[in-house]
Each structure stands twice: as structure tokens, then as C-alpha cells.
Amino acid sequence: MRNILILGATSAIAEATARRFAAAGARFYLVGRNADKLAAIAHDLEIRSSQAVYSESLDLDLLDQHPALLSRAEKALGGIDVALIAHGVLPDQQACQQSVPMTLAAIHTNALSVISLATLLANSFETRGQGVVVAIGSVAGDRGRASNYVYGAAKGMVGLFLQGLRNRLAGKNIQIVTIKPGFVDTPMTAAFEKKGLLWAQPDQIAQGIVTAVERRRDVIYLPWFWRWIMLVILHIPEGIFKRTKL
Amino acid sequence: MTRRTSPTSWGLYPSIQQRNLPLHQVADPLPTLAEPVLAFGNGRSYGDVCLNEDGDVLLTRGLDRFIAFDPATGILRAEAGVLLSEILALVVPQGWFLAVTPGTQFVTLGGAIANDVHGKNHHVAGSFAEHVRAFELLRSDGTRLCCGPEQNETWFRATVGGLGLTGLITWVEIQLQRIANPWIVAENRRFSNLDEFFALNDDYEARYPYTVSWIDCATAGRTLGRGIYMAGTHAPPGALIPAASPRRSLTIPLTPPISLVNTLSVRGFNWLYYHLPRPTRALTPYPAFFYPLDHLLEWNRLYGRRGFFQYQCVIPPASAHEALREILSRIAASGQGSMLAVLKRFGTRTSGGLLSFPRPGVTLALDFPNLGQKTRALLDRLDEVIRQADGAVYPAKDARMHGDSFRHYFPQWSQFTHFIDPHFSSSFWRRVMAE
């Protein structure tokens, strides 16, 4: 049985992942912004796991609240085994281009708050000598594109930061997992036409996350084929890539 | 916010365009409604009751959270998009089972109420709605009505079997039944004609809570209505459980251009099914007993791109014997055999739903590959028999009945119309009201 902290617990991917952990009897501390959504998810997980579920609503943009939040979670659960950092927003790229505050706000939520939480968690795990940090990056973080480079830049920063953290903590029984989903059919992507084979359901991603934790993976693309798509995309020379509309 | 696709019902007919509006939270208000809407659960009804051509559908599968479960009383409350399979996965290990289950576990709670589904235990337990303690109905004007047998009772009776037309069901509370064991003691018995079926039925109904029969409708004459009687009951505590071998599901990977179900394969399949040796009494895992077809995922594709028609009727006890004989004769004469024909006697319990299908009598379920006019003509000829016998045809499985037949089968339809939400509609409803 595992003690799991979920940051951004109302995200569709986080909820699907929690259900898979719940089936194995995990215990949860859930954090999300919307108290009503959070309560519905907490009740559901209590029934699925037959365990008490702790939850609190908090805006994770408030970085100065992070240390106290983590100690409350640790105290409630009696130690955290796995922390899933899943919160994020998909900003309006067009609007961000015209607004520095909007761009920085998106980067604050998607990158800076993740870096804050990952740092605090990693340090606490280092002291304890064990722990798993899983954070949701994105294929969008692998290469900057006109259609979503604000979101991509934040996710790219998260990927690079976790890479360094992983390197720092290697050999210390601490696992840092970067999840890079492709297109996922969730409320966050409601504005898209979700047709075609590239779109995945949240539960497919959830299954991949659980497997990645179990098999102690470092970086994983979900579904698997994105690894090969991104391999190709990363190898297109910039002179050509800059003229494409992907 | 939306996307336009051509989702289908389980019969793969009709194939239409409608716009999907996914729902995620029960507490959210309905999206702004420009076109008439209809809730769409898991698309397991066969015809057009779950479709809304040129309109919008509210996808309810995103409402899939459990709200409360008391393992001491077996009372479960969940959002309306939860599948029966998800409920079983949760409650069976804790010694509970659905009080009533249809022949597939891949239906949503909301869909089970909207069609007031029934199962193999109708003769003792009645239909699904009889075990519904409460549900919330969200109307397009924003009103939320908590409905139950004793609360907002008229809305309850309109919504049960109400084909989704009275508004959106957001959550449901049901009473489960205690089981001592997830296995089923099942008994199989061949019968060589309809007379034998009726004789067996009295005996088995008295001894078993679950009964159903498969019949071979490719034969005529002396063996008209031959088949296999299947009865079952939840195994007692401590019954010796064989080592479970997990069944692997098979998926029909694609839709063939023409139906693989045709006269030849129907004859062959029915002959084999009747003659295959089977144990008279055996311990069976509950999914194999209740949901034999769920094992074959997307089996509806076998019928090809034109899809198929389901036809389920109920005939009152007085005329059951004669009418059944007439129906089977008309099918045999048409040469359009049904791959799966299922026969069962309903009990006398009724849920009170204004448009609920189950009523005392014998029910027969059939499926036919869509051969166009030829198949429609056969089904019209069957409707003549059902109307004569004062029976009814099941809307959840229908894609073709005429409006006057519908109104004949469901005389409370005019009372029902007062409860229809002004912003809700369906392809089925417009079809049967148009003529």
C-alpha cells in the first residue's frame, strides 16, 4: 500500500491515475483549486480504495504555501511514497503573444510552481532516503512551435529541471519520473477537434504512469508512439523546422 | 467546445450526424442549448432512442464517480455515467450484486433508468427501476429534482423508461442485493418445441431467480421453437469454486462490408448451438452467465456496415402461446432467421414507469441483419401480430416501428408528453411522433 500525494488532483489525468492506484488500496492526499470538484473526487476514491482520503483546496500558484502544504500532507499520510505533480493550464497562445503578464502567469503555473514543489519534495525524500516524484510534462516541451510555445516553454523547463534533479539524486533510491503525454482528450483540451489516432484517453495515460512508477522509468512518452514521432521532430533542422506549421 | 461526429447506437443503424457535448461534473449547469439535446451514455441501446440527428448529445460517460457506498446496507449512490461493469467490479468482492442486470454490463446507470432495463430475474425482481431509491433530474431551466418512489413521484414515473426525454439524470441511488458467492449455479436443459418450453418454465421459475431461453428460429414445423432453457442462482457460501481462469476478451477488429450473419451462418450457428453438448448443471463465473456477449467486444460489427435491427416484443399471457407460434412461423417463412433469439416470461411486477416496457407476459428478443425493405416488411408483419395480441415492442431496441404502433403499445404516451423537457428530444421520439 502506498501513500500518494496528488497536486492538481482534479485534472483528468490525475483522477484516472488515482483510480488505478486506488484499486491497489492506496491512501491519498489530494490538492486542487476547486473545492467541489475535489470533494467529488475524494468521495469517489474513498469508495474505490476503502481508505480515508485527505484533501485540501489550494491554489498552487501560491509558492509560499508549498512548504506548509507538504508538511500537512506528510503528517496526514505519515510519510509520502509517491508525489504526482499534475496541475497545469493550457494558455491561449494568441492572447499570450500580446500579453507579457499572461505569458508569465502561464509559466508561473506550469513551470515555476512545479519546480518549487519538485525541489521541496526531492529534498524531503532525500532526507528520508526514498520517494518518487512524478511530474506531467508534455511533448510540447520538446520543441518550440508557433501554435503553443508558451505552454511548450514551461513544460520544456520542467523536463530539463527534472533531468537535473534525477542526475543529482541518482543512486539515492529516489525516482524522478517525467511523463510526456501527447494529445489527451480532457477538459483542458476541450477547444480541439479530437479526431484521429493521435488522441488518447486519460486512462491510457494513467496506465502508463502507473507502469512507469512500478518499473522505475525516468522519462516516458505516452502513448508510446510519441517517442518516435518526437525523435523525428527533434531531428528536423531548425532552418526547415521554422518554416513548418505543426 | 464541441465536435461533430457520427456516433452510433449498438445496432449501427441509423448512421447520423450529431454534435457531442461532453459532461464532466454533476454540479455544473447544462451547457447553453441551441439545438434540442439528449443524454448519450455508452451507446448500448440498439436503435435511435440514444440518437439525436442534427442536434446535440450530452455525453454522460464523464460523470463517472461513486458518491457513496455503504457495504453494510448495499445502498450505492453514483453519478449517472458510471457503467454497471464498474459497479460490479467494486461491489462483488464486497458481497453485493446488482438487483437487476440487463444482458450487457456496459450500460450506464442513467441509460439503465431511461430504458427501465430488465434481466433474467424479472419474474422475481421486476425491472431495474424497482431497485432505484432516488435520482436527480436536471431540467434545462436549471431546476434539480430529487426523484424517488415517494418523492416527486410523478417525475420518477415519467423518467423511468422515459428514454432520456424528461431531462438529464445526474446521479442515481440504487439498492444492491446480497450475494454469498460471485459464482452462479447454472442449469441447462434442451426443449424440442414451444409446448415443452412452457412446461419447463413453470418448474424452473419456481426454483430459480434467473431464467432465460435461447430458441432456434431457423426451424419450423414439429421443432418450431426448440431451444435451450438456462436457469441460474447465486451459489451458496462455500460452494466449491473452480480455479478461475481469466477469460480473455476478443474484439471484432473491423466492420466487414457485408453482414457475416446471413441465412447460411444463422442455420449453421443455430443447429450447432442446439446440438452442442453442454453440462446440465455447472458452476459458472457470473460474467459468463449474465454477459456471454460482452466477452466478444464490438460483436455488433459482425452485421456489416448496414447494421442490424433488434426486435423485442412482449405478449400478454392469454395470447402468448398462439402469438409466439405465429411470430416464429412468420420468421421461418421469411427465411430471415435471427442469430440470437431469446425467450423469457416476465413476472407481474411493474415499476410504474409511464413508458416502461416490461409487463406481464412472454418476451421474445430477435436480431436481423439489415436487408433494407425486406427486413422492415418482416418486422411490420410481426408488429401486426403484436398489436393483435395487445403486446408491445421495446423502444430501446427499435429503429423502425411506426408511430401508431408505438402509441398503441404505450397508451400512456400522451400523459408522458407533459413531462418532456422543452429542450430535450431524440431521433426516436421525433420519428414515432411524426406519423
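Chains as they are written, first to last, in our numbering: chain A, 1 to 246; chain B, 1 to 435. Cβ atoms here follow ideal geometry from the backbone N, Cα and C, with glycine treated the same way.
Counting only runs of at least 4 residues, the region 224-278 of chain B fully encloses the following alpha helix (DSSP H) elements, listed from N- to C-terminal order: 263-275. Within the region 25-47 of chain A, Asp-36, Lys-37, Ala-40, Ile-41, His-43, Asp-44 and Ile-47 place their CB atoms closer than 8 Å to a CB of chain B, listed in sequence order. In this chain, Arg-33(A) is not harboured by any beta strand (DSSP E), its DSSP state being neither H nor E. Against chain A, a Cβ distance below 8 Å from Gln-17(B) picks out nothing, because the smallest value is about 14 Å. By alpha-carbon distance to Ala-180(B), the top candidate from Ala-235(B), Ile-169(B) and Thr-101(B) is Ala-235(B). The continuous beta strand (DSSP E) containing Cys-313(B) extends over residues 308-315. Residue contact with chain B for Pro-187(A): present (Cβ-Cβ distance below 8 Å to some residue of chain B). Going by DSSP, Thr-170(B) is part of no alpha helix (DSSP H) but of the beta strand (DSSP E) stretching over 168-175. By the neighbour-count criterion, in which 16 or more other beta carbons inside 10 Å mark a residue as buried, Ala-72(B) falls on the exposed side. The alpha carbon of Asp-203(A) has as its nearest neighbour, out of Glu-193(A), Gly-144(A) and Phe-183(A), the alpha carbon of Phe-183(A).
The alpha carbon of Arg-178(B) has as its nearest neighbour, out of Ala-333(B), Asp-70(B), Thr-223(B) and Cys-50(B), the alpha carbon of Asp-70(B). Taking a Cβ-Cβ threshold of 8 Å, the residues of chain A close to Ala-68(B) are His-43 and Ile-47, in chain order. Partner residues in a beta bridge of Ala-212(A), as assigned by DSSP, do not exist. Burial of Arg-345(B) is indicated by the presence of at least 16 other C-beta atoms within 10 angstroms of its C-beta. Collapsing the DSSP output to three states places Leu-33(B) in coil. Linking Ala-333(B) to Leu-163(B) through their CA atoms gives a straight-line distance of about 34 Å.
For the pair Pro-422(B) and Pro-360(B), the CB atoms are not nearer than the 8 Å cut-off. Taking 3 residues as the minimum length, the beta strand (DSSP E) runs contained wholly in the region 279-307 of chain B are 281-285, in order along the chain. In chain order, His-122 and His-123 place their CB closer than 6 Å to the CB of Gly-347(B), counting only its own chain and leaving out the 5 sequence neighbours on each side.
With its beta carbon at least 8 Å from every one in chain A, Arg-133(B) lies outside the interface.
Going by C-alpha positions, Thr-60(B) is about 13 Å away from Leu-138(B).
Around Arg-61(B), no beta-carbon contact reaches into chain A at under 9 Å, the shortest distance being about 10 Å.
Neighbours of Arg-65(B) in chain A, taken as residues at a C-beta separation under 8 Å, are given in chain order as Ala-40, Ile-41, His-43 and Asp-44. At the C-beta level, Phe-128(B) and Ala-112(B) come within 8 Å of one another. Burial of Ile-209(A) is indicated by the presence of at least 16 other C-beta atoms within 10 angstroms of its C-beta.
By the neighbour-count criterion, in which a residue is buried when 16 or more other Cβ atoms sit within 10 angstroms of its Cβ, Asp-185(A) is buried. Tyr-221(A) has its alpha-carbon roughly 27 Å from the corresponding atom of Leu-38(A). With a cutoff of 8 Å on beta-carbon distance, Arg-349(B) and Glu-150(B) are scored as not near each other.
Only residues of its own chain outside the window of five on either side were considered, and among them Ala-78, Ala-80, Val-82 and Val-172 have a CB closer than 7 Å to the CB of Leu-109(B), listed in chain order.
The alpha helix (DSSP H) runs of length 4 or more contained entirely in the region 70-103 of chain B are, from start to end of the chain, 84-91. When C-beta distances to chain A are compared with 9 Å, the residues of the region 66-91 of chain B below that value are Phe-66, Ile-67, Ala-68, Phe-69, Pro-71, Leu-76, Ala-78, Glu-79, Ala-89 and Leu-90, in chain order.
In this structure, Leu-30(A) sits away from His-66(A), with a CB-CB distance that is not shorter than 8 Å. At a Cβ-Cβ threshold of 8 Å, Val-134(A) and Ala-122(A) do not count as neighbours. Residues of chain A with a Cβ closer than 8 Å to the Cβ of Gln-25(B) are, in chain order, Asp-36, Lys-37 and Ala-40. The C-beta distance from Ser-99(A) to Leu-63(A) rounds to 21 Å, too long to fall under 8 Å, and the pair is not in contact. Here Glu-384(B) is exposed. Its C-beta has fewer than 16 other C-beta atoms within 10 Å.
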